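Engineer: Take this structure, written in structure tokens, and hold onto it; I'll ask about it next.
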Amino acid sequence: MDDDEGEQLTTSRRKQLTLEIPVARYQSQDASRRFCLPGNILKFQLQEKRAQEAKLNALDGQVAAIRNEQLEFQNKISADLLCLSTQFAEIVDYIRDGDAKKGEGGSSSRPPPVRVERRPLLTPQSPRDAVRIPTFPCTTGTSAERAEHARRHILESGQAITLEEATERVRQADIQESDRVQRERDRARREKSQHRSSSSKRRRGF
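Position 48 of the sequence shown, counted from 1, bears residue number 48 in the numbering used here, the numbering being contiguous throughout.
So, in structure tokens, the structure goes:
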């Protein structure tokens, strides 16, 4: 009788443990999942933060590249403007030099005339050659450029002339042009002086 009761208790206890073990295992797994859940959330948030930082770094790199390109473009524009300004100044100086040589500049802005030695113009030995030598048109530019232009002009007409002779002809042409301009200025001064004198006499009743 006692053996039967002990066996029944053992069987009952075994069944009870059989039921309690799965429950305890489930509870243990559930607790483990609950314990790991905050860690997974933190890990996910950390990954998102790192991804955002990577995007920000990439944007910063793009902004820096755009700024460098803009700076290079501005430097290029400044260099181009400086080059154009220099070329424009050279053109203005060239035009002013040409105007001064032709006597078109004003008396206040025109530079003083260059003194040249008056030497007799080279003439051919025979009157026939004197008739055949053509005149050449007045040109602008430096003295060397004008002399070369005159020499080419004469050579094209079939006459032989050296660069020194062409330079001498250009000098003589400059002297004649300077004398003409000076005569026109003197005449303008005389006319102006006479006009002032006449106006003064009229104001005084003469």
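Ideal Cβ positions, reconstructed from N, Cα and C, are used throughout, including at glycine. Remember, predicted model here, so these are calculated numbers, not experimental data.
With DSSP collapsed to three states, give me the class of arginine 115.
Structural biologist: Position 115 of the sequence shown, counted from the start, is the residue given in the question as residue 115. Unreliable placement is indicated for arginine 115, whose pLDDT of 44 sits below 50; the coordinate value is still reported in the next sentence. Here arginine 115 sits in coil by DSSP.
Engineer: Give the straight-line distance between the Cα atoms of arginine 190 and alanine 79, rounded to the nearest whole angstrom.
Structural biologist: Mapped onto the sequence shown, residue 190 falls at position 190. Mapped onto the sequence shown, residue 79 falls at position 79. One C-alpha to the other measures close to 52 Å.
Engineer: Distance check for phenylalanine 88 and glutamine 172, CA to CA, integer angstroms please.
Structural biologist: Residue numbering aside, residue 172 sits at position 172 when the sequence shown is read from its first letter. Residue numbering aside, residue 88 sits at position 88 when the sequence shown is read from its first letter. Each residue's alpha carbon lies about 31 Å from the other.
Engineer: Given this structure, state the Cα-to-Cα distance separating serine 193 from lysine 76, to the nearest angstrom.
Structural biologist: Along the sequence shown, read from residue 1 onward, the residue named residue 193 stands at position 193. Along the sequence shown, read from residue 1 onward, the residue named residue 76 stands at position 76. Their backbone Cα atoms lie some 57 Å apart in a straight line.
Engineer: Assign valine 170 to buried or exposed, taking buried as 16 or more other Cβ atoms, counted over all protein chains shown, within 10 Å of its Cβ.
Structural biologist: Looking up residue 170 in the sequence shown gives position 170. Buried.
Engineer: Aspartate 60: buried (16+ other C-beta within 10 angstroms of its C-beta) or exposed?
Structural biologist: Here residue 60 corresponds to residue number 60 of the sequence shown, with the count starting at 1. Per the 10 Å Cβ criterion, exposed.
Engineer: Leaving aside the five residues before and after threonine 86 along the sequence, list all residues of the same chain whose C-beta is less than 7 Å from its C-beta, in chain order.
Structural biologist: Working through the sequence shown from its first residue, we reach residue 86 at position 86. Closer than 7 Å at Cβ, skipping near neighbours: no residue.
Engineer: Would you decide whether glutamate 168 is buried or exposed? Buried here means 16 or more other CB atoms lie within 10 Å of its CB.
Structural biologist: Residue 168 sits at position 168 when you count from the first residue of the sequence shown. Under this definition glutamate 168 is a buried residue.
Engineer: Do you know how far the Cα of serine 197 is from the Cα of aspartate 186?
Structural biologist: Here residue 186 refers to the residue found at position 186 when the sequence shown is read from its first residue. Here residue 197 refers to the residue found at position 197 when the sequence shown is read from its first residue. Each residue's Cα considered, the two are about 16 Å apart.
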